[in-house]
Amino acid sequence: MMQESNTASLTKNCVVTGGAGFIGSHLVERLLSDGHLVTVLDNFSTGRRKNLQEHSRLKIREVDIAEYEQISEFFVNVDWVFHLAALADIVPSIEHPLRYHRSNVDGTVSVLEAARQAGVRRFIYAASSSCYGLATEFPTPESAPIRAEYPYALTKYLAECCVMHWNQVYKLPCLSLRLINVYGPRARTTGSYGAVFGVFLAQKLAGRPYTVVGDGNQTRDFTYVSDVVDAFVQAAKSELTGEIFNVGSGRTYSINKLIELLGGEKIHIPKRPGEPECTYACISKISEALGWQPRVGFVEGVAKMLEHIDDWREAPVWDEASIDIATRQWFEHLGEKKDSRRPPEPGLCSVTTGAEAKDR
Ligand SMILES: NC(=O)c1ccc[n+]([C@@H]2O[C@H](COP(=O)([O-])OP(=O)(O)OC[C@H]3O[C@@H](n4cnc5c(N)ncnc54)[C@H](O)[C@@H]3O)[C@@H](O)[C@H]2O)c1
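Residue numbering for the sequence shown follows this note's numbering, starting at 12 and increasing by one per position.
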């Protein structure tokens, strides 16, 4: 195959929606370091300007992606669109379903349409493995049943259906990456009660005990952000379209293992309905189709988080009482389903838990 001979022909014009957020800002950094031109579209609802360094090849536009008329101009002559903008916290989605639908579903349709009208060459969507809900098969393949447990999961899945629809009907060259428990520096530190790393690192800095949900034996497929960024870039470079891929670490790690690595005291708070005992994505499909593999092991990833622990200095320090208040709606709306679902069989995830597995 003929190699492209100069760097100019390899330079891509990229749009990153949600580029001021946690994962988006890492992707922007990577695209710039690979020599590409990047336009970030972000309304800064959860993203932060300080996540992005100034750069001659970077433009930042403060817009709401759901406003088609305001975003369409930014897609002209664009090669690659990475669509990451979304409201991404679970807890407030239960309280504000309309807000979530507007950003996550209407916003996605608006971005898809702008991309289609401009004839972009690749469209990569940041989907969520939360669509599997309380999965019963581990590692969970892309073909597993869809069981959205709360509005965030529902809106991310509805948007994925739209992405696949634009591919099917309009032949927009799309891929969807179902991300799972992504962690790394710049993970959101303010606002709602959410991802476990942010909660624990702020507690560690404050010398407070970690608030462990349930017994801490539940496991999560913690995936380091640079691996996720690699998956986005490889997806953009590939010629495959209309496919959905899981992006995970290839393993699953218990919360107790995380605490062992962070060091410190813990207390236990009530288990929440709708939260899985295990998240563990099957990554065979993406490994075979794109040759993508995660590279950062959990021990190395947690050590990198500890190097950046100062990022969490201004983050809210959650305790039992404030978590109780923040998750009241959760228990109110999701509580009834608690007994109607078969929990994952004990031990189903045990084969590859981080506690036992050799870290990569
Ligand atoms: N972090 C994870 O573990 C994870 C897991 C699965 C999927 N995802 C998906 O990856 C993407 C990025 O997640 P993140 O963790 O970086 O979240 P984040 O909140 O840090 O980033 C989301 C960004 O989107 C922007 N945004 C939200 N609504 C917008 C709107 N209407 N218009 C313009 N910008 C808007 C926010 O300001 C923010 O910068 C999201 O789509 C999320 O659903 C994340």
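Built from N, CA and C at the ideal position, the CB exists for glycine as well.
- For Leu98, the closest alpha carbon among the candidates Glu80, Phe33, Leu216, Asp322 is that of Phe33.
- Contact between Ala137 and Leu95 is confirmed by a C-beta separation of about 4 Å, below the 8 Å threshold.
- Exposure of Val87 is indicated by the presence of fewer than 16 other C-beta atoms within 10 angstroms of its C-beta.
- Secondary structure note for Ala137: its beta strand (DSSP E) is the uninterrupted segment 133-139.
- Between the alpha carbons of Leu345 and Asp53 lies a gap of roughly 31 Å.
- Residue pairing by DSSP puts Val92 in a beta bridge opposite Val26, Phe134.
- In terms of CA proximity to Gln64, Arg41 leads the group Arg41, Gly195, Ala247, Ser56.
- Ser104 is a Cβ neighbour of Tyr161, given a cutoff of 7 Å.
- Between the stretch 266-278 and the stretch 241-250 there are fewer than three inter-stretch CB-CB distances shorter than 8 Å, so the stretches are not counted as touching.
- A contact is defined here as three or more CB-CB pairs under 8 Å, and the stretch 114-134 fails this definition with respect to the stretch 218-232.
- Inter-segment contact for the stretch 321-339 and the stretch 247-259 is absent: fewer than three beta-carbon pairs are separated by less than 8 Å.
- For Val310, the shortest separation between its Cβ and any heavy atom of ligand 1 does not lie below 6 Å.
- DSSP places Leu251 outside both helix and strand once states are collapsed to three, so it counts as coil.
- When DSSP reads this structure, Phe256 sits in a beta bridge with Leu188.
- In terms of CA proximity to Gly259, Trp303 leads the group Trp303, Glu286, Ala213, Gln229.
- Between Gly285 and Ala159, the alpha-carbon positions lie close to 9 Å from each other.
- Contact annotation, Ala125 with Tyr181: C-beta distance approximately 12 Å; criterion of less than 8 Å not satisfied.
- Not one heavy atom of ligand 1 falls within 6 Å of the beta-carbon of Gly259.
- Taking a C-beta distance under 7 Å as the contact criterion, Arg197 and Thr57 do not qualify as a contact pair.
- Taking C-alpha positions only, Ile336 is separated from Leu165 by approximately 24 Å.
- Counting along the chain, Asp335 sits inside no beta strand (DSSP E); it lies in the alpha helix (DSSP H) bounded by residues 331-337.
- In this structure, Leu98 has its CB closer than 6 Å to one or more heavy atoms of ligand 1.
- Taking C-alpha positions only, His176 is separated from Val122 by approximately 13 Å.
- The beta-bridge partner set that DSSP reports for Glu73 consists of Asp53.
- Between ligand 1 and the CB of Val207, the shortest heavy atom gap is not smaller than 6 Å.
- Checking the 6 Å criterion, the Cβ of Ser114 is within range of a heavy atom belonging to ligand 1.
- Leu212 sits buried, since 16 or more C-beta atoms from the chains shown fall within 10 Å of its C-beta.
- Val26 and Val131 have their C-alpha atoms some 10 Å from each other.
- Of Val74, Phe93, Arg324, the smallest CA-CA separation from Gln214 is found for Arg324.
- In this structure, the alpha-carbon of Leu190 lies about 30 Å from that of Ala217.
- Counted as a single uninterrupted DSSP element, the beta strand (DSSP E) harbouring Ile278 occupies residues 277-280.
- By the CB criterion at 7 Å, Tyr235 and Val310 fall outside the cutoff.
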